[in-house]
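A.B. asks: Counting from 7, one number per residue, gives the positions in the sequence shown under the working numbering.
Attaching a single structure in structure tokens format; questions to follow.
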Amino acid sequence: MDTNLTNAEWIARFEADLKRRFHDRSTAKHYVSDLRLFVADQPEPLAAITTARVDTFVDHQRTRGLAPATVKRRVAALKTFFDFMAETLGEPQRPNPVSMRRHAGRQPQLLPRDLTESEVAQVLAVVDDQRDRAMVTLMLYAGLRVGEVATLSLAAISEPTDPAAPIRLRVLGKGRKERVVYLTREGYQILARYLAAESPPRPDVPLFRTRLGRGISVAGIEERLARYAERSGVALTAHRLRHTYGRRMAESEMPVLSLSRLLGHSSVQTTQRYIDGADPEVRRHYEAAMAGRSEQAKPEEPAPMVPPSDTPHVATVVRPEPAPYDGKVGLPAAPDWLRAGCRAWIENQWYQWKPSQRRHHALARLRQLRPFWCWQLDRRAIGGFAELTTADVAAYMSAELARGLAAKSVKGAIDTVYQQLRFLVDLGPLRALPERPPLRLPDPLPRHLEPQEVVALAEEVARREAGASAEDRLDLALYYLLGHGGLRISEALDLRFADLDLAGRRVRIRDGKGRRDRVVYLTTTAAKGLRRYRELVPHAGEDLVLSCQGRPLRYEEAWSRVGRLGEAAGIPKLSPHRLRHTYATHLLNNGLSLEALRRLMGHENMNTTLIYARLADTTLEQQYRTAIGRLADNHGNSV
Numbered sequence: 007m008d009t010n011l012t013n014a015e016w017i018a019r020f021e022a023d024l025k026r027r028f029h030d031r032s033t034a035k036h037y038v039s040d041l042r043l044f045v046a047d048q049p050e051p052l053a054a055i056t057t058a059r060v061d062t063f064v065d066h067q068r069t070r071g072l073a074p075a076t077v078k079r080r081v082a083a084l085k086t087f088f089d090f091m092a093e094t095l096g097e098p099q100r101p102n103p104v105s106m107r108r109h110a111g112r113q114p115q116l117l118p119r120d121l122t123e124s125e126v127a128q129v130l131a132v133v134d135d136q137r138d139r140a141m142v143t144l145m146l147y148a149g150l151r152v153g154e155v156a157t158l159s160l161a162a163i164s165e166p167t168d169p170a171a172p173i174r175l176r177v178l179g180k181g182r183k184e185r186v187v188y189l190t191r192e193g194y195q196i197l198a199r200y201l202a203a204e205s206p207p208r209p210d211v212p213l214f215r216t217r218l219g220r221g222i223s224v225a226g227i228e229e230r231l232a233r234y235a236e237r238s239g240v241a242l243t244a245h246r247l248r249h250t251y252g253r254r255m256a257e258s259e260m261p262v263l264s265l266s267r268l269l270g271h272s273s274v275q276t277t278q279r280y281i282d283g284a285d286p287e288v289r290r291h292y293e294a295a296m297a298g299r300s301e302q303a304k305p306e307e308p309a310p311m312v313p314p315s316d317t318p319h320v321a322t323v324v325r326p327e328p329a330p331y332d333g334k335v336g337l338p339a340a341p342d343w344l345r346a347g348c349r350a351w352i353e354n355q356w357y358q359w360k361p362s363q364r365r366h367h368a369l370a371r372l373r374q375l376r377p378f379w380c381w382q383l384d385r386r387a388i389g390g391f392a393e394l395t396t397a398d399v400a401a402y403m404s405a406e407l408a409r410g411l412a413a414k415s416v417k418g419a420i421d422t423v424y425q426q427l428r429f430l431v432d433l434g435p436l437r438a439l440p441e442r443p444p445l446r447l448p449d450p451l452p453r454h455l456e457p458q459e460v461v462a463l464a465e466e467v468a469r470r471e472a473g474a475s476a477e478d479r480l481d482l483a484l485y486y487l488l489g490h491g492g493l494r495i496s497e498a499l500d501l502r503f504a505d506l507d508l509a510g511r512r513v514r515i516r517d518g519k520g521r522r523d524r525v526v527y528l529t530t531t532a533a534k535g536l537r538r539y540r541e542l543v544p545h546a547g548e549d550l551v552l553s554c555q556g557r558p559l560r561y562e563e564a565w566s567r568v569g570r571l572g573e574a575a576g577i578p579k580l581s582p583h584r585l586r587h588t589y590a591t592h593l594l595n596n597g598l599s600l601e602a603l604r605r606l607m608g609h610e611n612m613n614t615t616l617i618y619a620r621l622a623d624t625t626l627e628q629q630y631r632t633a634i635g636r637l638a639d640n641h642g643n644s645v
């Protein structure tokens, strides 16, 4: 009977099945490797594996610090295997112990990591070998993958007779798909100089060779790039060169379908990530809307070809990753079933939160769970999660509202309770969720600054710009990121110098709320202010931008600095969130579209954006007049 197969026999059958289905891909190699890792971690018979065993394996992977994408692939490999097992056993209803929602977790929505133009200049300044410069040129100016560079041959290069036409390169890319890419004449000259200095290779052999005459390998190219990364002080990889090509094409408004073909993407959604990180239309709208708040006369000059920086490459201002949650802090002094359920849920969520915010999120969730469950236990005896009823939840909500707690705060607490309960349904101790009682929320107005407060704050900022103290520069850097870039306070505190492109007036937000990357833009004034601040603080690329006396700026310190800036301008209770509301409202009332604003704010839902910004009455009236005027032009004077 197949159920008596050993783990080694199951793995062999699984590998054979994958090779039949994906004979021209590396799927079998990776999935089988992942399955062997699982068996080494959980050595009991595969036919007896439970969801709890998969939980343990996934927790071990996350504890090792593996990337979310790596964990997701290993989970996908396990799910595929257990589907294969059910099919092999002829038991299509056999439960799969793997759940993608439960075990893969939320995946970060990452943007490509391109190089800034200043970093490109630093890299090119140190690439002094003709062969290496030609390889860098193909990745940077033609968007080739590193493997495509390694296998490129002379036969794949076509030089048109038209001197104005670009050079054509025929490459065999990922998934063994062939495509044609283009290289400018200037880029081809760099390649031609390398070919002129070398003995001509046969048309069908790799173009780039080692000193021994063999074709250079992917590992060999990556090793050369690592050397240039060390010399230039830039975190250089082959993929970052290709990402830079994609970003430049996107900024030049190449249509997404054309860019997808040039990059060799099988899905346009992959290409769309390049557009999202470099959308020229959003940038134009942002600069037009912010024109009244900043000198926007001309863009920054392009970065010159500069030698490598003397700045130390080792980051010193970093926020250490918190130790894994040990369950000793914040848990209610309550029955064992409640303590165990709270701890299990926090441990499950821990690695899905951004490292710098894990402890903050854990304690915040526990501050919501503790009063809820303690209130329920004081009200009546509850022997387990399954005994919680809709009436219990409704009674707690009514009691909290009666004692003056805001409806939004009550909703947040109940959201957390139901997140925990949904986890317990997946885990098994709870069979079903109690129906959630409705709660009517007020429609809040944005907490933006009034026009006269905006003027007063601008005057205070201008006054401080005239000073040169490090304290003022730090306050202004924080203000520009929040007020001109619209960053959340947590995003500003986690920002690294490598994510600041001051020459391009861009800021790359890594792993923002919802694990989403995005790019926001800066005014010329903000870029200049941040440049002045940067000159005062020693920094490496991975150093945190906002620091005080050589250590990361803390959350409460940032709030205090913003508050003092507001008090100096005559604005009581100025907060980072009010600056973000003001940023959104200003952009909306100066012509930025809601979709563009949603993307700049990093919102998943348009309704969230509407909470932050409302049309001013004057803007609404002006838009009405414009619309009615067009209506009259189109339909005569009957309106």
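Even for Gly, the Cβ is constructed at its ideal location relative to N, Cα and C.
Keep in mind the model is a prediction, meaning the values are calculated, not measured.
(1) For T12 versus L24, is the C-beta spacing smaller than 9 Å?
(2) My assumption, with CB atoms under 8 Å, is that I17 sits in contact with L43. Please give the rounded CB distance.
(3) For the alpha helix (DSSP H) that contains L337, what are its first and last residues?
(4) What are the partner residues of E393, as DSSP defines its beta bridges?
(5) Quick one: what does DSSP say L559 is sitting in, helix, strand or coil?
(6) In chain order, what residues of the same chain have a beta carbon less than 7 Å from the beta carbon of F90, not counting five sequence neighbours either side?
(7) Return helix, strand or coil for R494, following the three-state DSSP convention.
(8) Restricting to Cα atoms, I'd like to know which of E563, H245, M106 and D210 is closest to V224.
(9) Using the beta-carbon count (16 or more within 10 Å), is I634 buried or exposed?
(10) How far does the beta strand (DSSP E) with I515 in it reach, from first residue to last?
(11) Does the separation of the CB atoms of L160 and L213 fall below 9 Å?
(12) Do three or more CB pairs link the stretch 410 to 417 to the stretch 431 to 449 at distances below 8 Å?
(13) Taking only three categories from DSSP, how would you classify I352?
(14) Would you report the Cα separation of M141 and A156, rounded to the nearest angstrom?
(15) Buried or exposed: where does R182 fall if 16 or more other Cβ atoms within 10 Å of its Cβ makes it buried?
(16) Given this structure, state the Cα-to-Cα distance separating D523 from R511, to the nearest angstrom.
(17) Curious, which full-length beta strand (DSSP E) runs of at least 3 residues does the stretch 517 to 594 contain?
(18) To the nearest angstrom, how far is it from the Cα of A397 to the Cα of T591?
(19) Taking the C-alpha atoms as reference points, what is the distance between R557 and T277?
(20) Which residues does DSSP pair with V177 in a beta bridge?
(21) Taking 9 Å as the threshold (C-beta atoms), are Y37 and Y292 in contact?
(22) Let me know if N613 comes out buried or exposed under the rule of 16 or more other beta-carbons within 10 Å of its beta-carbon.
(23) Have a look at A82 and M106 and give me their C-alpha separation to the nearest angstrom.
(24) Short of 6 Å in beta carbon distance, which residues of its chain neighbour Q355, apart from the five on each side in sequence? Order them along the chain.
(25) Near V240, what residues of its chain come up, given a Cβ to Cβ distance below 6 Å and the 5 sequence neighbours on each side ignored?
(26) Beta-carbon within less than 8 Å of Q275's beta-carbon, same chain only, minus the 5 sequence neighbours each way: which residues are those?
(27) Just list the residues that DSSP pairs P212 with in beta bridges.
(28) Under the assumption that L501 contacts L571 (Cβ atoms under 8 Å), give the Cβ distance between them as a whole number of angstroms.
(29) Measure how close the beta-carbons of P74 and Q115 come, nearest whole angstrom, since I'm counting them as under 8 Å.
(30) Could you pull out every residue in the same chain whose Cβ sits closer than 8 Å to the Cβ of L600, ignoring the five residues on either side in sequence?
(31) Do you know how far the Cα of R253 is from the Cα of V262?
(32) Which of the three DSSP states, helix, strand or coil, is assigned to Q67?
(33) Rounded to the nearest angstrom, how far is the Cβ of T529 from that of M296, given a contact under 8 Å?
(34) Taking the straight line between their C-alpha atoms, what separation do you get for A638 and A294?
(35) Rounded to whole angstroms, what's the CA-CA distance from L197 to R233? Just pull it up for me.
(36) Could you give the first and the last residue of the continuous alpha helix (DSSP H) run that contains L484?
C.D. replies: On the basis of the coordinates in this document:
(1) Not in contact: T12 and L24 (Cβ atoms no closer than 9 Å).
(2) Actually they are not in contact, since the Cβ atoms of I17 and L43 sit about 11 Å apart, beyond 8 Å.
(3) From DSSP, L337 is part of no alpha helix (DSSP H); its letter is neither H nor E.
(4) For E393, DSSP records no beta bridge to any residue.
(5) L559 falls in the coil class under three-state DSSP.
(6) Spatial neighbours of F90 in its own chain (CB-CB distance under 7 Å, excluding positions within 5 residues in sequence) are listed in chain order as F20 and D23.
(7) Coil.
(8) Nearest neighbour of V224 by Cα position, chosen from E563, H245, M106 and D210, turns out to be H245.
(9) Looking at its Cβ environment, which holds fewer than 16 other Cβ atoms inside 10 Å, I634 is exposed.
(10) For I515, the uninterrupted beta strand (DSSP E) segment begins and ends at R512 to I515.
(11) Yes, they are a contact pair.
(12) Enough Cβ pairs lie closer than 8 Å, so yes.
(13) It is helical.
(14) M141 and A156 have their C-alpha atoms some 9 Å from each other.
(15) Under this definition R182 is an exposed residue.
(16) Going by the C-alpha atoms only, they are around 17 Å apart.
(17) With a minimum length of 3 residues, the unbroken runs of beta strand (DSSP E) contained wholly in the stretch 517 to 594 fall at 524 to 527.
(18) If you take the alpha carbons of A397 and T591, they lie about 40 Å apart.
(19) Answer to the nearest angstrom: the Cα atoms are 38 Å apart.
(20) V177 is bridged by DSSP to R185.
(21) Result no, Cβ atoms of Y292 and Y37 do not sit closer than 9 Å.
(22) Label assigned to N613: exposed.
(23) Those two C-alpha atoms are separated by around 7 Å.
(24) No residues qualify anywhere along the chain.
(25) Listed in chain order, the non-local C-beta contacts of V240 below 6 Å within the same chain comprise E125, Q128 and V129, local neighbours out to five positions each way being set aside.
(26) There are no such residues.
(27) Answer is S159.
(28) Contact between L501 and L571 does not hold, since the beta-carbon distance rounds to 18 Å and is not under 8 Å.
(29) 11 Å between Cβ atoms; not a contact.
(30) Once the five neighbours on either side are set aside, the close Cβ partners of L600 are L594, M612, T615 and L616.
(31) When rounded, the distance between both Cα atoms is 12 Å.
(32) In the structure shown, Q67 sits in a helix (DSSP, three-state: H, G or I).
(33) Taking C-beta atoms under 8 Å as the contact rule, T529 and M296 qualify, at a distance of about 5 Å.
(34) Between A638 and A294, the C-alpha separation is close to 28 Å.
(35) Cα to Cα, L197 sits roughly 21 Å from R233.
(36) Run containing L484: A476 to Y485, per the alpha helix (DSSP H) assignment.
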